[in-house]
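In what follows, a single structure is set out as structure tokens and then discussed.
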Amino acid sequence: HCSRSEPPELRQSFLVTVAYNKDESPIKLNLGVGAYRTEEGKPLVLDVVRRAEQLLVNDQSRVKEYLPITGLADFNKLSAKLIFGSDSQAIQENRVTTVQCLSGTGSLRVGAEFLAKHYHQRTIYIPRPTWGNHPKVFTIAGLSVEYYRYYEPTTRGLDFQGLLEDLSSAPSGAIVLLHACAHNPTGVDPTLEQWEQIRQLMRSKGLLPFFDSAYQGFASGSLDADAQPVRMFVADGGECLAAQSYAKNMGLYGERVGALSIVCKTADVASRVESQLKLVIRPMYSNPPIHGPSIVATILKDRDMYNEWTIELKAMADRIISMRQQLFDALSARGTPGDWSHIIKQIGMFTFTGLNTEQVAFMTKEYHIYMTSDGRISMAGLSSKTVPHLADAIHAAVTQ
Ligand code: PMP
Numbered sequence: 170h171c172s173r174s175e176p177p178e179l180r181q182s183f184l185v186t187v188a189y190n191k192d193e194s195p196i197k198l199n200l201g202v203g204a205y206r207t208e209e210g211k212p213l214v215l216d217v218v219r220r221a222e223q224l225l226v227n228d229q230s231r232v233k234e235y236l237p238i239t240g241l242a243d244f245n246k247l248s249a250k251l252i253f254g255s256d257s258q259a260i261q262e263n264r265v266t267t268v269q270c271l272s273g274t275g276s277l278r279v280g281a282e283f284l285a286k287h288y289h290q291r292t293i294y295i296p297r298p299t300w301g302n303h304p305k306v307f308t309i310a311g312l313s314v315e316y317y318r319y320y321e322p323t324t325r326g327l328d329f330q331g332l333l334e335d336l337s338s339a340p341s342g343a344i345v346l347l348h349a350c351a352h353n354p355t356g357v358d359p360t361l362e363q364w365e366q367i368r369q370l371m372r373s374k375g376l377l378p379f380f381d382s383a384y385q386g387f388a389s390g391s392l393d394a395d396a397q398p399v400r401m402f403v404a405d406g407g408e409c410l411a412a413q414s415y416a417k418n419m420g421l422y423g424e425r426v427g428a429l430s431i432v433c434k435t436a437d438v439a440s441r442v443e444s445q446l447k448l449v450i451r452p453m454y455s456n457p458p459i460h461g462p463s464i465v466a467t468i469l470k471d472r473d474m475y476n477e478w479t480i481e482l483k484a485m486a487d488r489i490i491s492m493r494q495q496l497f498d499a500l501s502a503r504g505t506p507g508d509w510s511h512i513i514k515q516i517g518m519f520t521f522t523g524l525n526t527e528q529v530a531f532m533t534k535e536y537h538i539y540m541t542s543d544g545r546i547s548m549a550g551l552s553s554k555t556v557p558h559l560a561d562a563i564h565a566a567v568t569q
């Protein structure tokens, strides 16, 4: 989706922030960031995270020794339960191996390295478009990247027919990357009925699902609802990989906490897979950091803290959903030409506006609004105060 002629400085969110920081206008607005912001535009540390950190600091018995190669055992067990469900049969049958990795990216990379070394098919299908780092992570690990159709610009929705056709013509055994929920950058997810069709097709062709779960709980506000597609695939007894990130849903971005789980057909395979994962991890970074997973484990194993977390998580999700409504209402009030209902239909942190590169450049130049050049805006970077400014800019961009 990124044409070669695009200004490279606007393609990536990190580079958007560099440009934003240089802008001296008081009205500037950064909608490129992939991190949650409060209504006041500030980064947020969850209260429950502060509370867990306080407990950890006060516990004098805690030391800073190395973790095992696979990370904190409690954290791994709790992470598997969080994504697969506490009643998961695969977990009960010891068919799941989970290793702590460096957030979502590190989990994807470890999974990719493992597959490139040990899996019989080296081709991975990823959606077009997808998060910009996906093709890089998989290619550098030695997998060959192919695309499946995903987004239909005319409807600003899912190209479900195209998706089914492309997966149908994938070679048997190929790996398929699936965004578990809140697809980045489009905010377009299949319905549960569509997921079921995707599952049936993939299982009938022996395609291997690799879920990227970077937004569990952040999409709908419900941890269980957002994990539903993953659980459908695990419930059928087949194999699957899942990369989890705690960056967004616990706000632990810089702590780099995540997990890779591989669901196998038998407990014996799972234990052999774990041995091989250790051989992948050992020469990469030896063992993962200790502070972040300790925070997560503290929260996940305490009922009271877990509940507090779900409330704070839902508040973040709800604020984003409310920003969608406010932006949609502001455009309706201005009579901005076009159908903007996708703003309220799309899911997760981002809205894929449908604005083109020129319109984005116009909004940056005239309104000091920064976003990736594919027209993706971070709803988490908006507030009630800034919605009118954005709506004015969009209105001007499409009527200029
Ligand atoms: N996958 C997707 C789809 C993402 O959007 C992100 C974060 N932007 C990640 C993975 C990885 O993030 P992190 O490594 O910070 O967990």
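Counting in full-length UniProt numbering, the sequence shown runs from 170 upward without gaps. Glycine included, every Cβ here is placed at the ideal spot set by N, Cα and C. These figures come from a predicted structure and were not determined experimentally.
The alpha helix (DSSP H) enclosing Ala486, as first and last residue numbers: 472-503
Indicate, with yes or no, if ligand 1 has a heavy atom lying under 7 Å from the CB of Gly273. yes
Rounded to whole angstroms, what is the Cα-Cα separation between Gly203 and Gln385? 15 Å
Return yes when the C-beta of Ser414 is under 7 Å from any heavy atom of ligand 1, and no when it is not. yes
Beta-carbon spacing of Tyr205, Ala549 below 8 Å: yes
Apart from the five residues just before and just after Ile309, which ones in its own chain have a Cβ nearer than 7 Å to its Cβ? none
My output table needs one value for Glu427: the three-state DSSP class, helix, strand or coil. At residue 427 the sequence reads Gly, which differs from the Glu that was named. Of the three classes helix, strand and coil, the one that applies to Gly427 here is strand, per DSSP.
Test item: CB-CB of Ser272 and Val426 under 8 Å: yes
How big is the Cα-Cα spacing for Asp216 and Gln413? 22 Å
The beta strand (DSSP E) spanning Gln366 covers which residue range? Where Gln366 is concerned, there is no enclosing beta strand (DSSP E), although the alpha helix (DSSP H) it sits in stretches over 361-374.
Taking the Cβ atom as the reference point for each residue, do Ile431 and Val442 lie within a distance shorter than 8 Å? yes
Those residues which DSSP pairs with Leu347 across a bridge: Phe380
Report whether the distance from the Cβ of Trp509 to the nearest heavy atom of ligand 1 is below 7 Å. no
Cβ atoms of Ala388 and Ala351: under 8 Å apart, would you say? yes
Scan the region 391-474 and note each continuous beta strand (DSSP E) run of 3 residues or more that stays entirely inside, going in chain order. 409-414, 426-432
In this structure, how does DSSP classify Pro304 when only helix, strand and coil are distinguished? helix
Quick check on this structure: which residue in Ala428, Glu321, Phe329 has the alpha carbon closest to the alpha carbon of Lys250? Ala428
DSSP three-state assignment for Ser172, whether helix, strand or coil: Only weak support exists for where Ser172 lies, its pLDDT of 40 falling under 50; the coordinates are left without a value.
Residue interval of the beta strand (DSSP E) (run including Tyr294): 292-297
Where Leu179 falls: helix, strand or coil (DSSP): Summary for Leu179: the model assigns pLDDT 48, below 50, so the residue's position carries little reliability; its value from the coordinates is reported in the next sentence. If DSSP states are grouped into helix, strand and coil, Leu179 belongs with the helices.
In or out: Ala566 buried (at least 16 other Cβ within 10 Å) or exposed? buried
How many angstroms separate the CA atom of Tyr288 from the CA atom of Gln397? 26 Å
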